[in-house]
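Here's the structure, in structure tokens; my notes come after.
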Amino acid sequence: MSKRIVKIVLTGGPAAGKTTLTSQILKEFKQEDGWRVITIPETATELISGFGIKPFGNCMSMLAFQDFVIADQIHKEKLALDAAQVVPEDNILIIYDRALMDDKAYISDEEFIETIAKFDGRTEERVLANYDMVLHLVTCAKGAEFAYNLGNEARTESLEYAREMDDRTLRAWSKHPNLKIIDNSVDFGEKIKRALQEIYRAVGEPEPMAKKHKYLIAMPDMEKIAATYNALTLDMMQTYLREIKPGVERRIRQQRNGEEYLYFYTEKHLMPDGAKWDTERPISQKDYIQYLMEGDPELHAVHKTKYRFTYQSQRFEIDVYPFCSDKAIMFRYAGSDEAELPPEITVLRDVTGDLDYKNKQLARSQKL
-8 MSKRIVKIVL TGGPAAGKTT LTSQILKEFK QEDGWRVITI PETATELISG
42 FGIKPFGNCM SMLAFQDFVI ADQIHKEKLA LDAAQVVPED NILIIYDRAL
92 MDDKAYISDE EFIETIAKFD GRTEERVLAN YDMVLHLVTC AKGAEFAYNL
142 GNEARTESLE YAREMDDRTL RAWSKHPNLK IIDNSVDFGE KIKRALQEIY
192 RAVGEPEPMA KKHKYLIAMP DMEKIAATYN ALTLDMMQTY LREIKPGVER
242 RIRQQRNGEE YLYFYTEKHL MPDGAKWDTE RPISQKDYIQ YLMEGDPELH
292 AVHKTKYRFT YQSQRFEIDV YPFCSDKAIM FRYAGSDEAE LPPEITVLRD
342 VTGDLDYKNK QLARSQKL
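For the sequence shown, counting from 1, position 293 maps to 284 in my numbering; every step adds exactly one.
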């Protein structure tokens, strides 16, 4: 079987949601499902923070800096393609946090053409053809200004600069035939969902059903469920951290992905009008262990095993908790309220939106 490699660029101005979207991609496209996600971090940031190479502060000009950025980006993109050929999975998703055309936003069109030509005579057409889809996430500075600094108090770019760079970046990618623009006409959670829908379309797989129902169910025979529906299992541990800023809920999560573990840091911002705004980023195992020291002593870690399967074109997830042997939580993703449930499932009641069955309350009560 030949490998399927899908290459997707995440771009946009500052504070657009690229990091949170990357976290969601890592959670959605799992090794258990036969996927390998290869992520390429933003090159300019790595050069500035790791090598001290800066296009300011009397270090070098922006044009000279782009020589470094483009050379490093080309090298990393080649490594990603080489890695795609040697990993055991047949379905490969390469995610670029910005890519070569982003550099055009920082120099003139003529300078960009001359710079990329230094590398094997590259042209804009050749560069654009290297990516299957480009997702332009519009900066929060356009239409969601209140959220511009959420999750990153160190952000120094002004709103005006963020808007300008968003425009320049969009112009740089405007000729790509599969450019998708994800704006701020919906809340942040829906924005991320819309971006994920585009990724599912790009890889040629059905999108997850948008409508989610949550049920308290009698504990089914999970071995039978797994065997009958070829259910995939996912082991997760979520830990809530001490509050350090009013209105911001912090948590970390460990998630087993095949033979590996992924780690995430999430902040839930509770807005004065009642709205919620989540930001999330992948973290290292070392960071995860350090964050564990900040765990909220009043809340237990929430450990669960998630079973995911399909039945009559619906996606189901059953969460099984070690503190409860006779009940479980089931999610159903379907377009119709009349959609049929698997015959092995006995629903005790619909708990969609019930605060008693949110993860944080389960961390407090340890009971269903």
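Every residue gets a Cβ at the ideal spot worked out from N, C-alpha and C, and that includes glycine.
For residue j and residue i, the rounded distance between their alpha carbons
i: P288; j: R233; result: 8 Å
i: T12; j: L339; result: It should be noted that the sequence gives Leu, not Thr, for residue 12. C-alpha separation (whole angstroms): 34 Å.
i: A145; j: A6; result: Only weak support exists for where A145 lies, its pLDDT of 45 falling under 50; the coordinates are left without a value.
i: G344; j: L207; result: 12 Å
i: P333; j: K215; result: 12 Å
i: K133; j: M156; result: 11 Å
i: E271; j: R244; result: 10 Å
i: G286; j: A108; result: 52 Å
i: R306; j: L353; result: 24 Å
i: L126; j: K184; result: 13 Å
i: H167; j: V311; result: 45 Å
i: T34; j: Q64; result: 6 Å
i: Q22; j: S52; result: 43 Å
i: I104; j: K18; result: 37 Å
i: E331; j: P211; result: 17 Å
i: V293; j: I44; result: 43 Å
i: D158; j: T36; result: 20 Å
i: S(-7); j: I235; result: 50 Å
i: N82; j: T2; result: 23 Å
i: P237; j: G249; result: 37 Å
i: G25; j: K297; result: 17 Å
i: A186; j: S176; result: 13 Å
i: D178; j: W268; result: 8 Å
Endpoints, the beta strand (DSSP E) within which residue i is located
i: L225; result: L223 to Y231
i: A330; result: Neither: A330 is in no beta strand (DSSP E) and is coded neither H nor E.
i: Y236; result: Before going on, a small fix: residue 236 reads as Lys here, not Tyr. Looking at the DSSP string, K236 is not in any beta strand (DSSP E), and its letter there is neither H nor E.
i: L91; result: Run containing L91: none; DSSP gives neither H nor E here.
i: E271; result: K267 to I274
i: L261; result: E251 to L261
i: K351; result: Taken as a continuous stretch (DSSP letters only), K351 belongs to no beta strand (DSSP E), being part of the alpha helix (DSSP H) at N350 to S356.
Residue i burial status per 10 Å Cβ neighbour count (16 or more: buried)
i: I172; result: exposed
i: C50; result: exposed
i: I280; result: exposed
i: T301; result: exposed
i: Q276; result: exposed
i: F42; result: exposed
i: L70; result: exposed
i: M92; result: buried
i: S356; result: exposed
i: R162; result: exposed
i: P46; result: buried
i: Y254; result: buried
i: S14; result: buried
i: R89; result: buried
i: G195; result: exposed
Unbroken alpha helix (DSSP H) run spanning residue i, endpoints
i: R185; result: F179 to V194
i: M124; result: Taken as a continuous stretch (DSSP letters only), M124 belongs to no alpha helix (DSSP H), being part of the beta strand (DSSP E) at M124 to L128.
i: D158; result: L150 to W164
i: Q305; result: Run containing Q305: none in the alpha helix (DSSP H); it sits in the beta strand (DSSP E), Q305 to V311.
i: T343; result: From DSSP, T343 is part of no alpha helix (DSSP H); its letter is neither H nor E.
i: L290; result: Per DSSP, L290 belongs to no alpha helix (DSSP H) and is neither H nor E.
i: L119; result: E115 to L119
Reference residue i, options the options, closest by Cα
i: Y152; options: A163, C131 and P168; result: C131
i: L54; options: K9, A71, E101 and I29; result: E101
i: I61; options: D73, D81 and D111; result: D111
i: L392; options: E308, E115, G195 and S316; result: Here the chain has residues from -8 to 359 only, and residue 392 is not among them.
i: A135; options: Q57, K203, Y252 and K182; result: K182
i: D123; options: G238, A209, I(-4) and G4; result: I(-4)
i: I274; options: W26, V77, G3 and P32; result: P32
i: Y341; options: K203, Y220 and Y252; result: Before going further, note that residue 341 is Asp rather than Tyr in the sequence given. Residue K203 is the option with its Cα nearest to D341.
i: T337; options: K351, Y348, N350 and I320; result: I320
i: L290; options: E189, K297 and E240; result: E240
i: F436; options: E80, F56 and N221; result: With the chain covering only -8 through 359, there is no way to say anything about residue 436.
Beta-bridge pairing of residue i - partner residues as DSSP gives them
i: A209; result: K318
i: T296; result: D226 and V311
i: Q76; result: Per DSSP, none; premise fails for Q76.
i: G41; result: DSSP output for G41 lists no bridge partner at all.
i: N82; result: R(-5) and W26
Chain C contact for residue i (CB, 7 Å cutoff)
i: M51; result: Among the chains in the structure shown there is no chain C, since it carries only a single protein chain.
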